[in-house]
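Every position in the sequence shown, counted from 1, becomes a number in the numbering used here once 200 is added.
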Amino acid sequence: MNADEAAAAVEELARLVGWTGPAPDPVDQALLEAACGYGFPPDLMAFFHRFPPGRIGIVDVLHPLGFYLEHPAWTTAYPGYVAHVVMFEQALNRGAEEVDLPYRFGTGPGELLLWGLVEGDQALCWLVTADAPHTWQVVVCETGHGSPMSCQHYSGGAVRLLIDLGSGAKPVPMLEYVSEVYPYAFYS
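Okay, here's the thing in structure tokens:
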């Protein structure tokens, strides 16, 4: 997905979830990527530029501006974002080791990079490859809270998954309940 397609998909998502609010402060992509040590797919960067931190129904998209005020020494939200992603990935790796999950969570090729959570029960991730981030596949993993850890692949990107979930498509069996539990709207 290129930048224009990503922007169009994010606008489709905004209409679907009823978000007409203002865009957040701009995310400095170069600074964010330097803090994280990896690039981001264009659709998620477009999401960061259109939506402020918040939830879509019961889905939390980890937004780099959502961690800004957690430490007085931070001049941007990005260190908090990195710290939270690493913390979640470390916890998920402990569970993955217990059940011999075929993946580990992290930022290297072959690892799952966390970008969202569904009530803490499912982790929304990319399968990182050596290829450009726009080619990364989405993988959804049960986190082990109430269900054994397991993973299912989704053929589209992050924003397309969010659109499919809200439009009633059942793209990933373990997420079939997402739009039925709580109104599928954006809450900032």
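Yeah, the Cβ is synthetic: ideal placement off N, Cα and C, and Gly gets one too. Here the structure is a predicted model, which is why all the values come from computation and not from measurement.
Which of helix, strand or coil DSSP assigns to residue i
| i | result |
| --- | --- |
| residue 257 | coil |
| residue 303 | coil |
| residue 334 | helix |
| residue 237 | coil |
| residue 316 | strand |
| residue 342 | strand |
| residue 292 | helix |
| residue 284 | helix |
| residue 262 | coil |
| residue 384 | coil |
| residue 323 | strand |
Buried or exposed (CB count within 10 angstroms, at least 16 for buried), residue i
| i | result |
| --- | --- |
| residue 316 | buried |
| residue 218 | exposed |
| residue 246 | buried |
| residue 261 | buried |
| residue 259 | buried |
| residue 296 | buried |
| residue 306 | buried |
| residue 379 | buried |
| residue 257 | buried |
Best match in the options for proximity to residue i [C-alpha to C-alpha]
| i | options | result |
| --- | --- | --- |
| residue 289 | 219, 253, 324 and 208 | 324 |
| residue 301 | 349, 353, 280 and 320 | 349 |
| residue 236 | 217, 280, 251 and 219 | 280 |
| residue 304 | 264, 318 and 286 | 286 |
| residue 207 | 294, 249, 378 and 376 | 249 |
| residue 342 | 334, 362 and 318 | 318 |
| residue 383 | 241, 255 and 239 | 255 |
| residue 222 | 251, 376, 233 and 369 | 251 |
| residue 311 | 299, 298, 326 and 322 | 326 |
| residue 224 | 335, 266, 278 and 282 | 266 |
| residue 309 | 320, 278, 335 and 322 | 335 |
| residue 377 | 284, 322 and 282 | 322 |
| residue 375 | 362, 386 and 385 | 362 |
Beta-carbon spacing of residue i, residue j below 8 Å
| i | j | result |
| --- | --- | --- |
| residue 373 | residue 364 | no |
| residue 264 | residue 388 | no |
| residue 242 | residue 293 | no |
| residue 339 | residue 351 | yes |
| residue 367 | residue 216 | yes |
8 Å Cβ cutoff, residue i in contact with chain D
| i | result |
| --- | --- |
| residue 295 | Of the protein chains in the structure, only one exists, and it is not chain D. |
Would you be able to state if there are at least three C-beta pairs under 8 Å between the region 218-229 and the region 352-364? no
Using a Cβ distance threshold of 8 Å, determine whether the region 211-223 contacts the region 322-330, with at least three qualifying pairs required. no
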